[in-house]
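Chemist:
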Amino acid sequence: MFFFFFHLLFIMSLIISANATSFNYPFFDSNSKNLIFQGNSSVTDGFVQLTTNRRDVLLNNSVGRILYAEPVHLWDSRTGKVADFTTRFSFIIKMLFPPDGADGMAFFIAPNGSQIPPNSAGSTLGVFAEKTKSNSTQSPVVAVEFDTFPNSFDPRTDHVGIDINSIVSVATWNRTLKYANETRGNAWIGYNSSTKILGVYLSFDPNPVFDGNYVLTHVVDLKTVLPEWIDVGLSAATGSSFEVHNIYSWEFNSTEFPSNSSDRGSQTPKDPATGNGVVIDGKKKKNSIGLVIGLVVGGTVLVGGLGLIYLVWWKKRNSEVEKEEEDDIFDASEDDDYVRGTGPRRFTYIELDRATNHFATVGKLGEGGFGGVYRGFISDSNLDVAVKRVSSGSKQGKREFVSEVRIISRLRHKNLVRLIGWCHERSEFLLVYELMPNGSLDSHIFGKKAGLTWALRYKIALGLASALLYLHEEWEQCIVHRDIKSSNVMLDSAFNVKLGDFGLARLVDHEMSVKTTMLAGTMGYLAPECFTSGKAGKESDVYSFGVVALEIACGRRAVEPSEEEGKVGLVAWVSELYANGRLFEAVDARLNMDFDELQLERLMVVGLWCSNLDYNLRPSIRQAISVLNFDSTLPDLTSRMSMPTYFTPSKHAFDISQASSSTTTDSLINPSYASSGSYTSASSSSNTSTKYSASASLLQS
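Numbering-wise (the numbering used here), the sequence shown opens with residue 37 and increments by one.
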């Protein structure tokens, strides 16, 4: 039965693909399929550079284009029907030497097999030959130009223009297009075959919404201008002046024709290399084809009917199971929250499959114990996202999915990562987060590269403390995060803290703690009572905050197994220096002594205060914030310290077999800092972001 149904889908897909074209590139890489790169275009860091941008090469007189490799069926010669289409792309045109820049870029439609025209650098944007200044039908092209240089035939400023067989626009709209910074534009271009309106919408807003009202339109019957089969592409050029033209995403969708035109009409697309096409002719061939089609269609109808019966049964059974699971996770109020714009969105699987380019391996950001994380782009929200895909059959991953959606979807705080939405279809569990431009804290404070300034470090510490205060005291219930660590502290474009990964979080009454039989968390950040009693509460979160505070000040990880004895554990090492009056010896050398001494002392002392072995001697997060804000005096810890007061992990602790509990947020949010190695060997000296699950007796051995 499944084979019959698959057969039906296969035939249907052939029919549909013959009529409509649809593609979506939320990002680009060198392995992006079905793209043709022409001229100086290239891929780097997830986007396309259309024109040259290298220090060792002249940047002027550069031309570059990308085209979708498959031909698009624009109109049907048998029926005269013309397809509707829409395209959207995001881009940056950046001046390298303000205020000069030239010449611009364009979306173009050209006959199938299109190549870069000769002498098309500069004002003709790589779309028209230099001589094509007046209307010419020798090489028909329709383009929407984003022109940044006022030529003699242009308006006297940057502008958007619609071009029909000529670089001289038939309609224009003046708008600044090039910037000295990384200002991203989003363009929508659409064609309605009924009204014959070609329309353009452009926005430089961070979160643009296209309401259907174009800023520029022109009436044109594309059937009279262009051939039946076309190429679509993006092009840019520089002349004597130059600028950078980057494409960050691109999608295109065209409509289908009626089924009686699915034979592609009388004109077949030509191979760009040979210019040859294939035409089937003759009465016998037509009759034979008709017989074959009749047999195929008849058989398809038969097996399709059986397949549909099976499909209805299967979907009903599957939906009932998923509905029961969703009832255990969500209530109707959460969907109501989304409708009001206050809650996460319920995505369909198809939406997220499209957003991640079918969960392409090239867009994979990381791999956790319970699934992978993929980069995506939600086109209708103009939002870069990270999609966590829980492995099928992972019960622990499902529990973390449930916990994360239940908890974080109800929280609203400036220092918590935003859950954009979720999906539970086809036995899949998917979480969608906003993508953080500056990645995770650990990627900035560890390693050899230049670290954060002191001002940013102190700001981050206060932001993390603010997030914990909200979780512990300011929300209606107390939330114990249970996995505070530097790799779960995300940073937005302004280095504001966004605490993430609520897969281990638990809701408790404000005066209660969490009792658990399974030790969960991350080695080096776990409070001692989690090992000895299995309890986790606000105090254990405070302990983890103290460890992160010391990491921020010292620029080293909570646990460094490769260090000499006495320096393996950060807390034990710093506490010994504090007891001997040598606290500042632990300060990160990359700060180059450029810090506020009073702030630094407070952060390090608060870090030690929070990470005391005895949870009764730790402050609340509110008390810690009061000291960091200089509203309370600095505590004197020397009278409370009897070495070893602070928990020092044994080197044998790193020989424990480990179970990864959930995907770390650093790989989930930003691709630049993802590392698949973070989830593998327990013997790796840098592997401190993996979560452990072991008995207390093992850890104390």
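Backbone N, C-alpha and C fix where the C-beta goes; we use that ideal spot for every residue, glycine too.
Three or more C-beta pairs under 8 angstroms: does that hold for the region 260-276 against the region 158-168?
Modeler: Flag = yes, the region 260-276 and the region 158-168 touch.
Chemist: Give me the residue from GLY457, PHE64, GLU600, ARG101 with the minimum Cα distance to GLU387.
Modeler: Ranking GLY457, PHE64, GLU600, ARG101 by Cα distance to GLU387 puts GLY457 first.
Chemist: Taking the alpha carbon of LYS807 as the reference point, which residue from ASP528, VAL516, HIS508, SER202 has its own alpha carbon closest?
Modeler: Limits of the chain in this structure are 37 at one end and 737 at the other, which puts residue 807 out of reach.
Chemist: Are ASN222 and PRO244 close, meaning C-beta to C-beta below 7 angstroms?
Modeler: Yes.
Chemist: Measure the beta-carbon distance from ALA622 to CYS590 and round it to whole angstroms, keeping in mind my assumption that it falls under 8 angstroms.
Modeler: So it is a contact: roughly 5 angstroms between Cβ atoms.
Chemist: Three-state secondary structure (DSSP) at ASN187?
Modeler: In this structure, ASN187 counts as coil in the three-state DSSP scheme.
Chemist: Going by DSSP, what residue range makes up the alpha helix (DSSP H) through ALA614?
Modeler: Note that residue 614 is Tyr in the sequence shown, not Ala. 606-615 is the span of the alpha helix (DSSP H), which, as asked, contains TYR614.
Chemist: Starting from ILE200, trace the beta strand (DSSP E) in both directions and tell me its first and last residue.
Modeler: Looking at the DSSP string, the run of the beta strand (DSSP E) that includes ILE200 is 195-200.
Chemist: Less than 7 angstroms between the beta carbons of ASP120 and THR231, yes or no?
Modeler: Not a contact, by the Cβ cut-off of 7 angstroms.
Chemist: Out of ILE588, LEU613, PRO655, point me to the one whose CA is closest to GLN635's CA.
Modeler: Checked all of ILE588, LEU613, PRO655; the closest Cα to GLN635 is ILE588.
Chemist: Please classify ASP691 as buried or exposed, where buried requires at least 16 other C-beta atoms within 10 Å of its C-beta.
Modeler: Any reading at ASP691 must be qualified, since the residue scores a pLDDT of 36, below 50, and its modelled position is unreliable; the value itself is stated next. So ASP691 ends up on the exposed side.
Chemist: Is SER156 closer than 7 angstroms to ASP139 when the C-beta atoms are compared?
Modeler: No, these two residues do not count as a Cβ contact at 7 angstroms.
Chemist: Sorted by chain position, which residues of the same chain lie with C-beta nearer than 6 angstroms to PHE189's C-beta, five sequence neighbours on each side aside?
Modeler: Here the set comprises VAL204.
Chemist: Kindly indicate which residue of PHE182, VAL180, ASN210 has the alpha-carbon position closest to the one of THR193.
Modeler: Cα-wise, what sits closest to THR193 is ASN210.
Chemist: What's the gap between the Cα of SER276 and the Cα of LEU95?
Modeler: For SER276 and LEU95, the distance between alpha carbons rounds to 9 angstroms.
Chemist: Residues in the same chain with beta-carbon distance under 8 angstroms from GLY602, minus the five sequence neighbours each way, listed in chain order, please.
Modeler: So the list reads ALA608, TRP609, GLU612, once near-sequence residues are dropped.
Chemist: Helix or strand or just coil, what does DSSP make of VAL256?
Modeler: VAL256 falls in the coil class under three-state DSSP.
Chemist: Just mark LEU342 as buried or exposed, buried being the case when its beta carbon has 16 or more other beta carbons within 10 Å.
Modeler: Classification of LEU342: exposed, given that the 10 Å Cβ count is below 16.
Chemist: Measuring CB atoms only, is the region 505-512 touching the region 458-465, in the sense that at least three cross pairs come out at less than 8 angstroms?
Modeler: At 8 angstroms Cβ cutoff, the stretches do not touch.
Chemist: Between the C-alpha atoms of SER415 and PHE288, what's the straight-line distance to the nearest angstrom?
Modeler: Each residue's alpha carbon lies about 11 angstroms from the other.
Chemist: Please say whether GLY408 and ARG381 have beta carbons closer to each other than 7 angstroms?
Modeler: Cβ distance not < 7 angstroms, so ARG381 and GLY408 don't count as in contact.
Chemist: Count the other CB atoms, across all protein chains shown, that sit within 10 Å of the CB of THR57; report buried if there are 16 or more and exposed otherwise.
Modeler: Buried, by the Cβ-count rule.
Chemist: Reducing DSSP to helix, strand and coil, say where SER662 ends up.
Modeler: DSSP places SER662 in helix when its eight states are reduced to three.
Chemist: DSSP on TRP645, reduced to helix/strand/coil?
Modeler: Helix, per DSSP.
Chemist: Considering only residues of the same chain and omitting the five flanking positions on each side of TYR28, which have a CB-CB separation below 6 angstroms?
Modeler: Residue 28 is absent from the model: the chain starts at 37 and stops at 737.
Chemist: What does the Cβ neighbour count give for SER150, buried or exposed, with the cut at 16 atoms within 10 Å?
Modeler: With 16 or more other Cβ atoms within 10 Å, it is buried.
Chemist: Can you give, in chain order, each stretch of the alpha helix (DSSP H) that sits fully within the region 455-534 and has at least 4 residues?
Modeler: Here the runs fully enclosed are 478-481, 490-505.
Chemist: With the cut-off set at 7 angstroms, would you say VAL398 and TYR410 are in Cβ contact?
Modeler: Against a cut-off of 7 angstroms, the Cβ pair of TYR410 and VAL398 comes out as no contact.
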